[in-house]
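Scroll down for the structure; my scribbles are underneath it.
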Amino acid sequence: MYNAYFGFSEAPFSLSPDPAFFYRSEQHEEALANLVYGVQARKGFIVLTGEVGTGKTTMLECLRDYLETQYYEFAFLFNSRINSDQFFEMIAYDLNLPCARTSKTEVLFALNQLLVEQAQEGRTVVLIVDEAHNLEWEVLEEIRLLGNLENRHGKLLQIILAGQPEFDRKLDAPNLRQLKQRVVLRCELEPFTLADATEYMETRLEKAGMSEQTVFPEELIADIHLRSRGIPRIINAICDNLLLTAFAQELKVCTREMLDEVCQDMRLEWPGMRRLQRVANESFDRSTY
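Structure representation (structure tokens):
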């Protein structure tokens, strides 16, 4: 709605995990490099964790782009609320296995055949599971058993499990100790620092067509970082709403008042919020006398 008003070629703060807008912060570069290395080196199990909205799915989309350019066979499971039968059926569909996809036995035979064929060509196969913290115990056990498929050169199936921090805690359960021991690489995404958040916003605006951003004053960016807690998805939501508000008011620069309104509409809470509200209320009370 506001793209033409600000001269954007596309929305700069879309919530969709678009690799074209991937911000290569130091930690994201390191995490992506670890994922690629883990696949190339046939490490087997790789775990990617991070708070909600820190960019895990975008990271996986970037990895998927890499796998496609390198002609890797891979399955990407984005719905983790499944039982073991559905798990094998989804793998069969994603890898286009020539078998009865509702039969676990036939899926396993067809999968093993694919893994062997790819290994003979010097390639590997990748299984990516997003939202892994939602996986049932029985599905995690099936995944662990799939990790046993290997030859003398390494694992035949590279398994990447991405989830929220509670997934790490889930792996600490005694009945999952065998799976935990098989995790060779771990990557964790943290919320942005102020410097990263500033560069992140400027990068997205530049990719959308604004080479030198003037919409968000420096002090407002610091406030956005504070109120979003440095989480990219919340930064996107705040900035998108701010741009919409500025467009509605026919302004080219966003203000603190706009930010207050947006945060109230989004029901956001942030460190120090209640103290600031208390000070504001006391100031209002004094002004009424």
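Numbers in my numbering are just positions in the sequence shown, counted from 1, shifted up by 2. C-beta atoms are modelled at their ideal positions from N, C-alpha and C, and glycine is treated no differently. Computed from a predicted structure; not experimentally measured.
Would a C-beta distance cut-off of 8 angstroms place residue i and residue j closer than the cut-off?
i: Phe-10; j: Val-217; result: no
i: Thr-126; j: Arg-44; result: yes
i: Ile-240; j: Gly-55; result: no
i: Glu-53; j: Pro-193; result: yes
Report the rounded CA-to-CA distance for residue i versus residue j, giving the unit in angstroms.
i: Gln-120; j: Pro-234; result: 37 angstroms
i: Leu-113; j: Phe-47; result: 17 angstroms
i: Leu-181; j: Asp-132; result: 17 angstroms
i: Ala-134; j: Ser-82; result: 6 angstroms
i: Gly-165; j: Glu-221; result: 33 angstroms
i: Val-128; j: Phe-90; result: 14 angstroms
i: Asn-150; j: Gln-29; result: 30 angstroms
i: Arg-183; j: Asn-238; result: Here residue 183 is Gln; the residue named in the question, Arg, does not match the sequence. Rounded to the nearest angstrom, the two C-alpha atoms are 37 angstroms apart.
i: Gly-40; j: Ile-162; result: 9 angstroms
i: Phe-286; j: Ser-16; result: Model confidence at Phe-286 stands at a pLDDT of 44, short of 50, so the residue's coordinates are unreliable; what they give is reported in the following sentence. When rounded, the distance between both Cα atoms is 37 angstroms.
i: Glu-271; j: Ser-230; result: 8 angstroms
i: Asn-136; j: Glu-201; result: 33 angstroms
For residue i, collect the residues of the same chain with a Cβ closer than 6 angstroms to its Cβ; drop the 5 residues on either side in sequence, then sort them by chain order.
i: Asp-96; result: Ala-77
i: Asp-198; result: Ser-27
In this structure, what does DSSP give as the bridge partners for residue i?
i: Leu-79; result: Val-131
i: Lys-157; result: Glu-152
i: Leu-110; result: Leu-110 pairs with nothing; no bridge assigned.
i: Cys-189; result: Leu-50
i: Ile-162; result: Ile-48, Ile-130
Which same chain residues end up closer than 8 angstroms to residue i when comparing Cβ atoms and leaving out the 5 residues on each side of it in sequence?
i: Met-3; result: Leu-246, Phe-249
Who are the near neighbours of residue i in its chain, counting only those whose CB is closer than 7 angstroms to its CB and skipping five residues on each side?
i: Gly-211; result: Gly-9, Phe-10, Ser-11
Quick test of the definition: if touching needs 3 or more C-beta pairs under 8 angstroms, does the region 203-219 touch the region 251-259? yes
The region 158-175 in contact with the region 141-150 per 3-pair CB rule at 8 angstroms: A contact exists between the region 158-175 and the region 141-150.
State whether the region 54-73 contacts the region 101-108, with contact taken as three or more CB pairs (one from each stretch) at a distance under 8 angstroms. no
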